[in-house]
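All remarks here apply to the structure that follows.
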Amino acid sequence: MTDPRAEIISAYAATAAMPDDTGHFPTDDALFGGRFMPEALMAVLKELTEAYEVSKTDPAFHQEFADLLLHYANRPSLLTEARNLSARAGARILLKREDLNHTGSHKINNVLGQALLAKRMGKTRVIAETGAGQHGVATATAAALLGLDCVVYMGAEDTRRQALNVARMRMLGAEVVPVAIGSQTLKDAINEALRDWVASADTTYYALGTAAGPHPFPAMVRDFARIIGVEARRQCLEATGALPDAVCACVGGGSNAIGVFHAFVPDESVRLYGFEAGGSGVATGLHAASITGGSVGVLHGTRTYLLQDQYGQTQESHSISAGLDYPAVGPEHAYLHATGRGIYEPVDDAEAMAAFRTLCETEGIIPAIESAHALAGALRIAPQLAAELGREPVIVVNLSGRGDKDMHTAAGYFGFEGGEQ
Amino acid sequence: MNRLQDVLKAARAENRAVLIGYLPAGFPSVDGSIDAMRAMVEGGCDVIEVGLPYSDPAMDGPVIQAAADQALARGVSTPEVIRAAGAVADTGAASLIMSYWNPIEHYGVDRFASDLAAVGGSGVITPDLIPEEAGPWIEASDKHDIGRVFLVAPSSTPERIALTAAACTGFVYAGAVMGVTGARDQVGHAARSLVERTRAATDQPVCVGLGVSTGDQAAEIAAYADGVIVGSAFVRRLLDNRDPRKGVDAVRELAAELAEGVRRGSGQR
Ligand SMILES: Cc1ncc(COP(=O)(O)O)c(C=O)c1O
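Read top to bottom, the protein sequences are chains A and B. Counting in this note's numbering, the first sequence runs from 1 upward without gaps. Counting in this note's numbering, the second sequence runs from 422 upward without gaps.
See below:
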């Protein structure tokens with residue numbers, strides 16, 4: 001029997017070859033990652049890097065983090081065999097149930113880790129950006145638990161489509177600040193959080209919600225989320241006697257995807273599929289598929305793929321899913337793409353919503369619309385893999401969150417009463 | 422030696438600080454911004470920072486954000502920003518571009534330095550680029566004789582100040598406060614001690630910006646720094662005056678007030 005506590009600790013404490021000492025992910029195409037941030041933030045980024053590095057080997061930190069994940073966040077999360085869906089898909093589909101975590105998504109893993117670091121660094125206030133509101137809710141939750149003041153920046157457009165999560169954050173005692181500039185979505189919320197941080201870094205911890213941003217965030221957020229893949233790998237071996245043929249995740253900034261992928265990276269037989277938000281279709285220009293439809297550049301402190309015009313101005317992203325509506329992606333996904341280890345494909349709004357409904361009706365599980373992108377991708381690749389392998393493939397899908405927050409959008413999309421028109 | 426270095430050296434010989442004014446190109450229009458920047462030179466600015474409007478100005482406060490947004494909405498492009506920098510250089514003032522990193526990287530680092538040099542520009546300020554990430558920029562700016570300006574901050578350690586100053590070839594930009602751009606009532610003690618700490622590490626000129634908006638503040642800083650940098654206060658004048666001619670006049674008046682302050686403060690050294 002695996003000891004879940006030991007599993008959490010070893011998942012976090014594991015060392016990785018990437019990024020290198022300077023926070024970069026070097027490839028032949030580009031030097032991804034890095035720290036493209038004002039000098040004013042270098043001191044706090046250094047302070048954070050040191051706290052993170054110490055925490056990786058500190059037994060006291062390990063115990064605290066494991067306690068929270070085990071007894072507060074509800075880890076380990078299940079790996080559910082989706083029998084009805086599998087029969088339809090022609091593949092054996094195993095769902096990694098991050099939707100069952102406290103607060104309803106994978107975001108809680110990262111946030112609990114970062115909130116513990118904030119306490120260790122002596123910070124009294126935590127700020128965050130949020131798109132779908134799941135990271136904001138998780139941050140507000142951790143702040144309530146650990147006695148930190150909390151301010152969450154959220155695009156004004158997103159406060160509307162994720163109104164339930166705004167109410168949750170406020171219930172939890174956080175201040176929610178709608179950001180009404182630029183595209184009024186996640187990227188603008190990050191800009192506003194950075195503006196706050198540069199003036200408040202003495203007392204304030206910035207809990208970035210995804211595996212993007214300047215070093216050390218991509219590595220640190222990955223490490224806090226790494227338990228997802230470590231558990232899924234063991235659970236798949238237990239359930240099927242073998243590793244999966246593919247692991248699927250949706251990719252916004254990339255935290256749930258890198259969290260579930262990372263433990264599988266050395267397993268060469270396991271295909272890693274990241275599904276980006278295709279919005280109305282990549283060809284229409286209205287999408288959030290940074291890898292498939294973007295190019296190399298620098299945004300929010302890191303070199304990666306992003307949506308930009310011919311002069312390097314960021315282009316607005318579009319997706320039915322607020323959590324994927326971000327015009328860039330974490331640098332480790334850029335690295336996995338450029339090195340060929342990861343496969344990234346777009347899933348458009350319509351495909352995602354069809355998969356959303358299918359999961360509800362076949363398995364009695366309402367997924368987050370973000371996670372529905374991963375499901376739709378799995379349904380797409382299942383017949384391809386079956387043909388290639390000559391047998392029924394085994395696919396792990398990271399169900400990164402639950403869909404309660406999306407009921408308004410889904411009801412509107414499917415034309416139910418009470419939905420958004 | 423390029424124009425920026427000449428201007429700084431001449432001011433040092435006169436034992437006075439320089440006045441550096443910022444405006445985003447393309448606000449309210451490309452030609453309108455050129456008129457306003459010419460007025461800044463007429464009012465007494467020695468150096469002009471031509472801002473390259475960017476979609477994600479995470480280090481700017483609401484005033485510069487608003488101007489950049491309007492400039493982008495009208496479709497200002499990198500070549501037009503370089504054209505504006507050329508028009509400023511034609512006045513005889515030192516003409517710099519201030520830009521977040523991605524537009525420069527995307528334009529092509531060498532091409533950017535080369536095109537700017539071709540129109541007479543003499544420096545670039547890169548607020549979100551640290552020397553450790555600047556390898557290709559250092560090479561290109563050296564090749565085309567474009568002055569490099571990196572920033573130091575009140576939070577910078579002595580090691581980082583030394584490293585940053587060593588990478589500058591124009592001046593060192595000392596951010597007076599921890600925070601984004603925008604006028605502030607007081608510039609405060611942090612600026613003075615940062616200048617002292619920077620001087621301990623370098624002979625390069627050290628100029629102070631962030632929050633400066635009045636002649637008195639300029640005087641206070643000119644007493645100890647090599648330059649006074651003013652941005653949001655100029656933008657504010659243009660935002661507040663819908664009539665472009667009045668806006669340009671207001672900008673000229675502010676430049677004159679600041680230039681007087683700089684001379685007054687320099688006299689108290
Ligand atoms: C349920 C869920 N999945 C996925 C995401 C996308 O983020 P990431 O790509 O960092 O996992 C979000 C973001 O809000 C989310 O709420």
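Ideal Cβ placement from N, Cα and C applies to all residues, glycine included. Keep in mind it's a predicted model, so treat the numbers as computed, not measured.
Item                                                                                                                            : Value
Segment contact, 8 Å Cβ cut-off, at least three pairs: the segment 296 to 303 of chain A with the segment 257 to 273 of chain A : no
Euclidean distance between Cα positions of P579(B) and K430(B)                                                                  : 25 Å
Cβ of Y311(A) within 8 Å of any chain B Cβ                                                                                      : yes
Contact set for V570(B): own chain, Cβ-Cβ below 8 Å, skip 5 residues either direction                                           : L517, G544, V545, I546, T547, C589, G591, F592, V593 and Y594
H102(A): CB within 7 Å of a non-hydrogen atom of ligand 1                                                                       : no
Residue-level contact to chain A via CB, R615(B), 8 Å cutoff                                                                    : Sequence inspection shows Leu at residue 615(B); the Arg mentioned does not correspond to that position. Cβ-Cβ to chain A under 8 Å: no for L615(B).
Per DSSP, cross-strand counterpart(s) of F275(A)                                                                                : C250(A) and E345(A)
C628(B) Cβ short of 7 Å to ligand 1 heavy atom set                                                                              : no
Per-residue DSSP class, three states only, for G513(B)                                                                          : coil
Distance CB(M599(B))-CB(A574(B)) smaller than 8 Å                                                                               : yes
CB contact check: E39(A) to chain B, cutoff 8 Å                                                                                 : yes
Spatially closest choice to A538(B) from R581(B), V509(B), H565(B) and S476(B), by CA coordinates                               : H565(B)
Per-residue DSSP class, three states only, for S520(B)                                                                          : coil
Contact belief for V471(B) with M519(B) at Cβ below 8 Å, rounded distance in angstroms                                          : 7 Å
Min CB distance G56(A) to chain B below 8 Å                                                                                     : This sequence places Lys at residue 56(A); Gly is not what is there. No, K56(A) lies away from the interface with chain B (no Cβ there is under 8 Å from its Cβ).
Q486(B) - DSSP class collapsed to helix/strand/coil                                                                             : helix
Endpoints, beta strand (DSSP E) assigned at I546(B)                                                                             : G544 to I546
CB contact below 8 Å: R195(A) versus chain B                                                                                    : yes
Cβ-heavy atom distance, N256(A) to ligand 1, below 7 Å                                                                          : yes
Proximity of A17(A) and R226(A) at Cβ, strictly below 8 Å                                                                       : no
Within-8 Å CB hit, V601(B) to chain A                                                                                           : yes
Interface partners of S498(B) on chain A, CB under 7 Å                                                                          : Y311
Closer than 8 Å to chain B by CB, V329(A)                                                                                       : no
Where Q486(B) falls, given that 16 or more other Cβ within 10 Å makes a residue buried                                          : buried
G422(A) Cβ short of 7 Å to ligand 1 heavy atom set                                                                              : Nothing can be reported for residue 422(A): it is not among the residues displayed for chain A, which extend from 1 to 421.
beta-carbon G278(A) near ligand 1 non-hydrogen atom, thresh 7 Å                                                                 : no
Counterpart residues of A595(B) in DSSP-defined beta bridges                                                                    : V573(B) and V629(B)
Beta-carbon contacts of G403(A) that lie in its chain and below 6 Å, excluding the five residues immediately before and after   : I366, P367 and A368
DSSP-derived helix/strand/coil call for I227(A)                                                                                 : helix
Minimum Cβ-Cβ distance from Q308(A) to chain B less than 8 Å                                                                    : yes
I9(A) - partner residues in DSSP beta bridges                                                                                   : DSSP output for I9(A) lists no bridge partner at all.
Distance between K187(A) and G603(B) (C-alpha atoms, nearest Å)                                                                 : 21 Å
Proximal residues of chain E, C-beta to C-beta of L186(A) below 9 Å                                                             : Of the chains in the structure shown, none is chain E; the protein chains are A and B.
Identity of the residues DSSP links to G472(B) by a beta bridge                                                                 : P445(B) and M519(B)
Interface flag, W558(B) vs chain A, CB-CB below 8 Å                                                                             : no
A368(A) CB to nearest heavy atom of ligand 1 below 7 Å                                                                          : yes
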